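Structure (structure tokens):
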């Protein structure tokens, strides 16, 4: 068998070259709902645009987003212009955005607001229903990646504040 085995980086680089040379993907408008928004200290915005059929990671660099930052919020629907590329280190598709315009409230945000109003009408947010947290909880649940920075940060703070 004379098949050539290629390293991952080479395959990802090849795909990146194919995608960046595509005329449609290098000048594209994409519409979707903003989720997972992170504003980096550098001023760059990282988020996901999603709809019922898929999702696409996005980066909106500081140099491009100075006058449009306030438009990018979790739950809003946007129409974004940019170029699709491949983020080499993760081998993921990514839309590098240079312009956004609002398209209204996203479906997930609308559903959230609908449920919130329903729960409020049922009295589930009433002050008399709320319970005080115990001074020293016996258990704490954390929903995150087992290898992510969030769980590491929580463990570090707990060890520092309450060493055993």
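In this note's numbering, the protein residues as written are 1268 to 1431. Cβ coordinates follow ideal geometry from the N, Cα and C atoms, glycine included. Quantities reported herein were computed from a predicted structural model and do not represent experimental measurements.
Asked: Hey, residue 1351 and residue 1304 are a contact pair by Cβ (cut 8 Å); roughly how many whole angstroms apart?; Found: At roughly 19 Å, the Cβ-Cβ gap does not stay under 8 Å, so residue 1351 and residue 1304 are not in contact.
Asked: In the DSSP assignment, find the unbroken beta strand (DSSP E) run with residue 1334 in it and report its ends.; Found: Segment: none, residue 1334 is in no beta strand (DSSP E) and carries neither H nor E.
Asked: Using the beta-carbon count (16 or more within 10 Å), is residue 1316 buried or exposed?; Found: buried
Asked: Can you grab the Cα-Cα spacing for the pair residue 1363 / residue 1412, in whole Å?; Found: 26 Å
Asked: Flag this pair as touching only if the segment 1283-1298 and the segment 1342-1358 have three or more C-beta atom pairs under 8 Å; answer yes or no.; Found: yes
Asked: Count Cβ pairs between the segment 1321-1331 and the segment 1355-1362 that sit closer than 8 Å; are there 3 or more?; Found: yes
Asked: On a Cα-Cα basis, can you pick out the residue from 1279, 1388, 1402, 1275 that is closest to residue 1353?; Found: 1279
Asked: Pull up the distance between the alpha-carbon of residue 1427 and that of residue 1410, whole angstroms please.; Found: 21 Å
Asked: For residue 1330 and residue 1377, what's the separation of their Cα atoms in angstroms?; Found: 31 Å
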